[in-house]
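Numbering (the numbering used here), first residue to last: 9 to 163. Idealized CB from N, CA, C, for every residue including glycine. The structure under discussion appears below in the form of structure tokens.
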């Protein structure tokens, strides 16, 4: 069994650490391209999407990506927008509490996917302004590639 409490602590630290002082369309481009670069280095195929205030600033489906990855991105991003936390954190928190996310009546699974891969784009002293989302790998890998790309762009 996974150590949910430890994972939740790690995810919370990432959310606190990976925040911007400013975020522009050029930042979104750099972030999206970094995800693509990292996926290529791993010989993986993903779809990546970066939004600000509901507007798509970057979207790319790599060769080999499947059409349903766009829907996974939408659903994972909806989780971040609703809860203000990374999608992996929300899914892990529900598991940690013994609650099946899909059983929560007001959270339609056609609209929300609490799986790793969507991360809040937060500007310090402003708050949540958008999402950076990856789909195509296992949830922990989707999450890890977004985190690595955010770290690189913030460096």
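Nearest-angstrom Cα distance between residue i and residue j?
i	j	result
residue 43	residue 104	29 angstroms
residue 92	residue 35	20 angstroms
residue 48	residue 77	17 angstroms
residue 58	residue 90	16 angstroms
residue 137	residue 95	15 angstroms
residue 10	residue 32	37 angstroms
residue 20	residue 66	25 angstroms
residue 101	residue 22	15 angstroms
residue 150	residue 80	11 angstroms
residue 153	residue 109	24 angstroms
Kindly indicate which three-state DSSP category residue i falls into: helix, strand or coil?
i	result
residue 55	strand
residue 24	helix
residue 42	helix
residue 69	strand
residue 31	coil
residue 130	strand
residue 141	strand
residue 118	coil
residue 135	strand
residue 161	helix
residue 60	strand
residue 12	helix
Provide the residue span of the alpha helix (DSSP H) that contains residue i, from first to last.
i	result
residue 84	77-91
Can you give me the Cβ contacts of residue i inside the same chain, cut-off strictly under 6 angstroms, excluding the 5 residues immediately before and after it?
i	result
residue 99	122, 123
residue 15	100
residue 160	42
Mind checking whether the beta-carbon of residue i lies closer than 8 angstroms to any heavy atom of the ligand GDP?
i	result
residue 64	What this structure holds is no ligand at all, so the ligand GDP is not there to describe.
With a threshold of 9 angstroms between beta-carbons, can residue i be considered close to chain C, or not?
i	result
residue 28	Of the chains in the structure shown, none is chain C; there is only one protein chain.
Excluding the five sequence neighbours on either side, which residues of its own chain have a C-beta within less than 7 angstroms of the C-beta of residue i, listed in chain order?
i	result
residue 156	46
residue 73	53, 54, 55, 144
Excluding sequence positions up to five away, which residues of its chain have a Cβ less than 8 angstroms from the Cβ of residue i?
i	result
residue 158	26, 39, 127, 140
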